[in-house]
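Presented below is the structure to which this report refers.
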Amino acid sequence: MSASATPPMQRDAARTIFQKGAPGRRAFLCPELDVPAVDVGELLPERFRRSRPARLPEVSEPEIVRHYVGISKRNFDLDSGFYPLGSCTMKHNPRLHERVAALPGHARLHPLQDPERAQGALELMWNLQHALSEISGLPHVSLQPSAGSHGELAGVLLTRAYHEDRGETRHKVLTPDTAHGTNPATVTMAGFEVVKLATNADGGIDIEDLRAKADTDVACLMLTNPNTLGLFDPNIAEIAEIVHGVGATLYYDGANLNAVMGLSRPGDMGFDIVHFNLHKSFTQPHGGGGPGAGPIAVSDRMAPFLPVPVVVCRDSERAPQFDLDYDRPKSIGRLRGFQGNYGCFVRAYAYICSLGGDGLRDASETAVLNANYLLARLKQRGVAEHLPLAYGELCMHEFVLSGGPMKRALQIKTLDLAKRLLDFGFHPPTVYFPLLVDEALMVEPTETETKETLDAFADAIAAILEEAAADPELARSAPYSTPVRRLDEVAAAKRPVIHEVLA
Amino acid sequence: LSRYTAITPEDLDAMLAAIGVGSVQEIFDRQIPAPVRLGGPLQLPDGLPEQDVFEHLRALASRNTSAEDELSFLGAGMYDHYVPALIDMLTERSEFLTPYTPYQPEISQGTLQVMFEYQTAIAELTGLAVSNASVYEGPSAVAAAGYLATLHNGRRRFVVSAGLHPHSIQTLRTNAHGYDAEVVEVPLRDSVTDMDAWSDAIDGDTSAAFFAQPNFYGAVEDAAALSAAAKAAADPVVVAQVDPITLGVLAPPGDCGVDVAVGEGQPLGNRLDFGGPSFGLFAAREEYLRRMPGRIAGETVDVDGRRGFVLTLQTREQHIRREKATSNICTAQALNALAGVVYLAWLGRRGIVELGELLLARTHYAREQLGALPGVEKLHEQPVIREFALRLDADVAAVRRACAARGVNPGVDVQALSGRDEDRGVLLVAITERRTRADIDRLVEVLGSAVASERRATVAV
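First to last, the sequence lines map onto chains A and B.
Quick note on the working numbering: the first sequence kicks off at 503 and runs consecutively.
Quick note on the working numbering: the second sequence kicks off at 35 and runs consecutively.
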């Protein structure tokens, strides 16, 4: 669709709320002043007061609703279509979870309510901790971190505290070159130096490189398993042995947990610390970039250092009494205010209650089945010639294709393929990650998709490659049917305009 | 077949055949070594039908005493403000609720425009040039400001006013320990930051100096004087933890010489949710833009010249810069920030002033009425906006229990939160617009009799 064909109502769709409304319009009617009026100047001296009003919008309620409903329609979302974004686990978000999270007993519970009058919330957290402990095979859980990267920070700070407690100062943290970007960024924030590990020909950790770099200055190895290539590292036991052999801890990035729930447990693999992404494996809706939650589970030796407060259960023989324990002398301290993103805990707990242990295993089995089927289906459709699997033969819950041959043979890049997929009504896979794969395309279908959807996606990829063989420009200039077409990101970064100009 | 998966036995046969394996088990057996495979089922309860899960979660909710169930004056960081219905409706829309971070801008203009509008609102409210699209929440935003300061000036020492929320100080300490930065606390005098101690504490190693406005005890600080004194002492990055809902009436931090404003966004249209999720606001002067943490949306045009928005300045971020990133943040609080900007549009230019003035008046009324009770005195005489501290001549925990028995939660036991000896007997009372004069009068009556009977009990002992 060209610009001239844009319907008139859509043409000014990018006008912001600040460009709408008129002086005097309003949506809010203030409750009446029911206490004696006092001059504001008496209550708040002028030098503390705002001298000019904040230029917020002046809009009526119908204008607000129409504005935001209007711009919402310029989003693609999981409820509308397939979203195989690798490493993000875009599985269905059950609406039951929104309903239970909105119950006033959860939604209007103040975080400083006395524990004896928040027993339902603390029991929910206790039960969720137990479930995450069972799923990970690690005995102790803190729900506090706000997202995966925050859980990573917690984990690396725990590692620091653990070594310090033993009177050791270590400076290095190992991360594979396939790691999520949050891993090395976290290492720096926690005051350690990043040392990269090479990947072997099979897509796993290069054991010789690990042996060469693992010494007593290494505090921790951060690993994702299955890794970002969608491969389970078969040498995990040996890796754990090497890492523990030099006294370091082993950290599990739980971004890919959706592959192994009920099938293999990080604790049994030898990991000391795991973070969970409740917004991935456990259905917290992603909200366009949050909220999430990043609880951690740890082994016995890391437990003294967990963040405060910790949920505890007292008098468990009679009626259990739940409480928050702040008296943890070796704790790393607090990572945020209050107890964590409780609203996310409610949703994740509801999900675990719905599925049970068998259902969680079924979810992971189906996620892996769907990924392998999609991979096979792409081969059947003749796609593998241009988009070969980067490593291995089978995959876990996701797989990484290389667009290198496609780029050379058809003159379209992975980015072009991704943009053309938009015209076919699909969210593209993750692109250009992991970094060591040329023109990477990382596909994670999740367990909640039908076989028909997977088939349609494979057909779309095949169709794009076919049309590119005839005319690569079609993909290079895509998309055509989206609310806007390719955007000038270079100009945006060069001269940043990051807020509306206010009148 | 679970209710969230859709693979029938017929599908399964066709899929296995396509893959070239005999069973799903074989896919795992060929990839996961036997010693690290889980031998048996997870020891978790069986799955339940939707309505059973609903009943279970409802039963748990019913065992909590929420702000719906009692007359609550709890605050200290999160507040029971009214959330307009249109926020529920908009945040539950699939288009906002279910997409990922907007990596594909052509199909994410809704989310990106919301981020851009949010940044506009926060920059305007704080009087600072730039805002990111939100961070996790308040106290971790304080810690993030500290990290930004160390990147900016390479110094390794933080000076914090004791008027900062205890959770903020604790969170800053946790983070600072990682990169070996020291945290030095400056005491209060008359419940506001002791200006002499503040100036003395800030030296050439001081990376950032932090204060809260209003502070943890409800007192309005002299923000301009604190900023000027800090700059004069050794030019650290001046960070203010602000409460956005007060900025309709309070001077914006940008007008007071503050470099970075952070804060808890929950009062802006977000639920209490027992502490989260909410969002953290993070705004700064222009010179800090390229060191900001978190996502930032920027304006640009598409190939047809149409206005559009993209994630910008991504070379700050972990997925591009990895170990050189300015922060590790990835998933943040987009949906909560949406609630925040919708709330600000709903309040509007005049509404935020009217609401602020209503809070001022009701809070003043409550403070005077309560402060006049026998055995109760105002902790300080500083100006307050929506929260204030009282000192009770009685055991706070016992008084709170007595009030709770009559359906009133009179506020926060400050010493339980801060751990400070000098906070013994201090009660922190929050007055939102949901608390009417009649509610306040009831608090006066219930707290008054609870304090009186507790004092009698103490005398009798």
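Quick reminder that beta carbons are idealized off the backbone N, C-alpha and C, glycines included.
Every value quoted in this text rests on a predicted model; they were computed, and no experiment measured them.
Query                                                                                                                          : Result
Completely contained beta strand (DSSP E) runs for the segment 437 to 469 of chain B, where each covers 3 or more residues     : 460 to 464
Helix, strand or coil at Asp336 (chain B) [DSSP, three-state]                                                                  : strand
Nearest to Phe313 (chain B) (by Cα), restricted to the options A:Asn729, A:Asp755, A:Arg838                                    : A:Arg838
Ser174 (chain B): contacting residues in chain A (beta-carbon distance under 7 Å)                                              : Ser648, Leu837, Arg838
Ser574 (chain A), buried or exposed, once every other Cβ within 10 Å from all chains shown has been counted against 16         : buried
Contact list for Cys722 (chain A) against chain B, beta-carbon separation under 8 Å                                            : The premise fails here: Cys722 (chain A) is roughly 13 Å from chain B at the closest Cβ pair, so nothing lies under 8 Å.
Option in A:Gly657, A:Val697, A:Ala663, A:Val814 with minimal Cα separation from Gln631 (chain A)                              : A:Val814
6 Å Cβ shell around Cys722 (chain A) - same chain, five flanking residues per side excluded                                    : Thr661, Val675, Ala750, Thr751, Tyr753
Ser766 (chain A) versus A:Glu636, A:Ala609, A:Leu943, residue with shortest Cα-Cα distance                                     : A:Glu636
Those runs of the beta strand (DSSP E) which lie wholly inside the segment 359 to 422 of chain B and span at least 3 residues  : 410 to 412
Under the three-state DSSP convention, the category Cys590 (chain A) falls into                                                : coil
Beta-carbon proximity check, Leu780 (chain A) vs Cys846 (chain A), cutoff 8 Å                                                  : yes
Same chain, Cβ closer than 7 Å to Leu611 (chain A), neighbours up to 5 away in sequence not counted                            : Ala620, Ala623
Alpha-carbon to alpha-carbon, Gly859 (chain A) and Leu634 (chain A)                                                            : 11 Å
The segment 642 to 671 of chain A: positions lying closer than 7 Å to chain B by Cβ                                            : Ser648, Ala649, Gly650, Ser651, His652, Glu654, Leu655, Leu659, Arg662
Arg978 (chain A) versus A:Lys915, A:Thr518, A:Val945, A:Lys953, residue with shortest Cα-Cα distance                           : A:Lys915
Closer than 8 Å to chain B by CB, Ile1000 (chain A)                                                                            : yes
Ala95 (chain B) burial status per 10 Å Cβ neighbour count (16 or more: buried)                                                 : buried
Residues that Asn249 (chain B) contacts on chain A, provided the C-beta gap is smaller than 8 Å                                : By Cβ distance, chain A contributes nothing, its closest Cβ being about 13 Å from Asn249 (chain B), past 8 Å.
Span separating the alpha-carbon of Leu91 (chain B) from that of His608 (chain A)                                              : 9 Å
For Asp925 (chain A) and Ser983 (chain A), believed in contact at Cβ under 8 Å, the rounded distance                           : 5 Å
Which residues DSSP lists as bridging Glu216 (chain B), in chain order                                                         : B:Arg191
Segment contact flag, the segment 395 to 407 of chain B with the segment 532 to 540 of chain A, C-beta cutoff 8 Å, min 3 pairs : yes
Spatial neighbours of Thr205 (chain B) in its chain, beta-carbon cut-off 8 Å, leaving aside the 5 residues before and after    : Pro173, Ser174, Val176, Ala177
Contacts of Glu600 (chain A) in chain B (Cβ-Cβ under 7 Å)                                                                      : Glu126
Whole runs of the beta strand (DSSP E) within the segment 277 to 340 of chain B, excluding any shorter than 3 residues         : 294 to 298, 314 to 318, 331 to 335
Member of B:Arg97, B:Arg64, B:Gly54, B:Pro67 whose CA lies at the smallest distance from the CA of Glu618 (chain A)            : B:Arg97
For Lys832 (chain A), three-class secondary structure by DSSP                                                                  : coil
Residue burial classification, Tyr170 (chain B) (beta-carbon count within 10 angstroms, cutoff 16)                             : buried
Contact list for the segment 685 to 707 of chain A against chain B, Cβ threshold 7 Å                                           : Pro686, Ala687, Thr688, Val689, Thr690, Met691, Ala692, Gly693, Val696
Lys522 (chain A) - containing alpha helix (DSSP H), residue span                                                               : No alpha helix (DSSP H) holds Lys522 (chain A); DSSP gives it neither H nor E.
Rounded straight-line distance, which links the Cα of His899 (chain A) to that of Asn874 (chain A)                             : 8 Å
From A:Pro998, A:Phe773, A:Thr518, A:Gly747, residue whose alpha carbon lies closest to that of Gly657 (chain A)               : A:Phe773
Through-space distance from Thr135 (chain B) to Asn629 (chain A), alpha-carbon basis                                           : 30 Å
Cβ-based burial, Ile354 (chain B) [other Cβ within 10 Å; buried from 16]                                                       : exposed
Own chain partners of Ala529 (chain A) with C-beta closer than 7 Å, once the 5 adjacent residues on each side are dropped      : Val561, Ser562, Glu563, Ile566
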